[in-house]
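Residue numbers (the numbering used here): 337 to 908.
Structure representation (structure tokens):
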């Protein structure tokens, strides 16, 4: 972990002039960098989201610029590449052309200019004041310092330091904000007067718009090599090394640094979103990146661990051997939503252990519910599927792998009885719905025979099949699962599923949505007048999107998750 250097004492104030104008009527002060930040982020969203506006930049790509001005102790560092690699540009342009509403390159460029003009208007600026000098990167760094303050800096690479300085001064004058100019290590820093202590400077062709003067000085120290920059941090390097080489942007969270500052509970949110293990002592960094592929957009998330700090249960979970998820063999090929996970027994056991340690009283309830017996009967495979149905908009099933059919059947029967009792409690005068049975292909199927539910196409059912227990929306759904397993034509053979999951790590878990199938189901259940609006305004721009898929894998040092939005060929 990087040692946080002490800040040098502030130098004396030099009488280098001020940018102040005669005082107008009093109004709340605002930081000149704030409006610029809003404008740049708004413009950037269109550039990255539209893709066609990349005609602003040459195809060669640009080297890293912002890393060199971010101190090694930064807790958060986010950067977006306005001039990414040639491959990323080509992929992004190809994807953008598949969406009719984005318009031509000229039309999208005008949209970017309009957004910039609106965002910069209050600051007395227009897109012509910013876009000509906007360089290859824009980023943000956050450092929760030992001094008790949070140091935030907006970082913008510039191709013309004089033009960017002029834009900053113009924005300050429009806001009637006065600055004092100070010099630090040969760099001129502009520090706001009054209660607003924001500051800015241009160092190594990077505009630094900061929350305070200390933050600017830290950036100058990193840029001049007085203190290490984040590019020398081993935590940063190890984390981003697990991300793809080609990317449109990257974000890094120094989880170890945050835990060191505040303890694991305060830093928990930094890792739980990426599938963290709950105990953060072993987590060093969290990294995210966005990439453009030839057939879609990918968001990669990686959690970097210190193997020496892993507990035995954490190590077991990360290094558990992978295998084919047997429950996927039952999932029909036309399922349009699938969630599959391996090692669920290990995951649930770890969770139960934590619950029982935190609340001893919970252990009794868990035992009474038969959860430990269920875990002992599980193979660890699990799948949840949703698909079309004849008597209802959708049908679905939860499949749990088992190597102990009797224990699984007992547990499922207990759930069915409990569900019947809950339904009876909704109407105390009613008789609990009976639990009926039938047999299909040698499999005994039990279901709740309730006329009210049946009229809506729902008849909850359960069964224990070949190495899998199942809870389904109807006996007919279980019939389909049995037939699917017998035919060998399951969801893994479906073209949309197989092509989408080929782009993600799916050895441990996968989540899949067939976007077009879901859209068709939604459309069928809309009123005719709404269908017409959907066909006109939604369908043309949804048509290129085929699937959304999420996959994960792990080893002793990394946990990786990829979210992939798959798109079909060009609409034009």
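Don't be surprised by glycine CBs; every beta carbon is placed ideally from N, CA and C.
| Check | Outcome |
| --- | --- |
| In chain order, each alpha helix (DSSP H) run of at least 4 residues that lies wholly inside the region 679-754 | 680-694, 696-704 and 707-713 |
| Backbone CA spacing between residue 888 and residue 420 [nearest angstrom] | 26 angstroms |
| Meets three-Cβ-pair contact criterion under 8 angstroms: the region 695-702 and the region 848-862 | no |
| Three or more C-beta pairs below 8 angstroms linking the region 663-675 and the region 727-746 | yes |
| Start and end residues, alpha helix (DSSP H) containing residue 854 | 851-860 |
| Span separating the alpha-carbon of residue 624 from that of residue 579 | 7 angstroms |
| According to DSSP, residues forming a beta bridge with residue 585 | 416 and 626 |
| CB of residue 515 within 9 angstroms of CB of residue 526, strictly | yes |
| Reduced DSSP category for residue 613 - H, G, I as helix; E, B as strand; rest coil | With a pLDDT of 43 at residue 613, under the threshold of 50, the modelled position of this residue cannot be trusted; read the value that follows with caution. Residue 613 falls in the coil class under three-state DSSP. |
| Runs of alpha helix (DSSP H) lying entirely within the region 487-517, each at least 4 residues, in chain order | 497-510 |
| Which listed residue (654, 596 and 618) has its alpha carbon closest to that of residue 482 | 596 |
| Anticipated Cβ contact below 8 angstroms, residue 636 with residue 898, distance rounded | 5 angstroms |
| Integer-rounded CB distance, given that residue 781 should sit under 8 angstroms from residue 807 | Not a contact, Cβ separation roughly 11 angstroms. |
| Bounding residues of the alpha helix (DSSP H) (the contiguous stretch that carries residue 877) | 875-878 |
| Check whether residue 638 and residue 622 have beta carbons under 9 angstroms apart | yes |
| CB contact flag (residue 549, residue 592, <9 angstroms) | no |
| Exposed unless 16 or more other CB atoms sit within 10 angstroms - verdict on residue 872 | exposed |
| Buried/exposed call for residue 701, threshold 16 Cβ in 10 Å | exposed |
| Segment contact, 8 angstroms Cβ cut-off, at least three pairs: the region 448-456 with the region 426-438 | no |
| Exposure label - residue 528; buried when at least 16 CB within 10 Å | buried |
| Endpoints, the beta strand (DSSP E) within which residue 895 is located | 894-903 |
| Among 789, 417 and 538, the one whose alpha carbon lies nearest that of residue 524 | 538 |
| Unbroken alpha helix (DSSP H) run spanning residue 834, endpoints | 831-837 |
| Residues of its chain near residue 488, where Cβ-Cβ distance is below 6 angstroms and the 5 sequence neighbours each way are ignored | 478 and 547 |
| Cβ neighbours of residue 540 in the same chain (closer than 7 angstroms, five flanking residues each side left out) | 404, 405 and 559 |
| Distance, residue 494 Cα to residue 542 Cα | 6 angstroms |
| Span of the alpha helix (DSSP H) around residue 652 | 648-655 |
| Nearest to residue 571 (by Cα), restricted to the options 640, 810 and 509 | 640 |
| Whole-angstrom C-beta distance between residue 829 and residue 851, which should lie under 8 angstroms | Contact flag wrong, Cβ pair sits at about 19 angstroms. |
| First and last residue of the uninterrupted alpha helix (DSSP H) at residue 780 | Element bounds for residue 780: not the alpha helix (DSSP H) but the beta strand (DSSP E), 779-784. |
| Selection from 484, 820, 690 and 492 that minimises the alpha carbon distance to residue 469 | 492 |
| 8 angstroms CB neighbourhood of residue 785 in its chain, flanking five on each side removed | 769, 770, 771, 772 and 795 |
| Rounded straight-line distance, which links the Cα of residue 803 to that of residue 894 | 31 angstroms |
| DSSP beta-bridge partners of residue 574 | Note: residue 574 sits in no beta bridge, so no partner. |
| First through last residue of the beta strand (DSSP E) which encompasses residue 472 | 470-480 |
| Cβ shell of residue 745 (< 6 angstroms), same chain only, five flanking positions each side left out | 800 |
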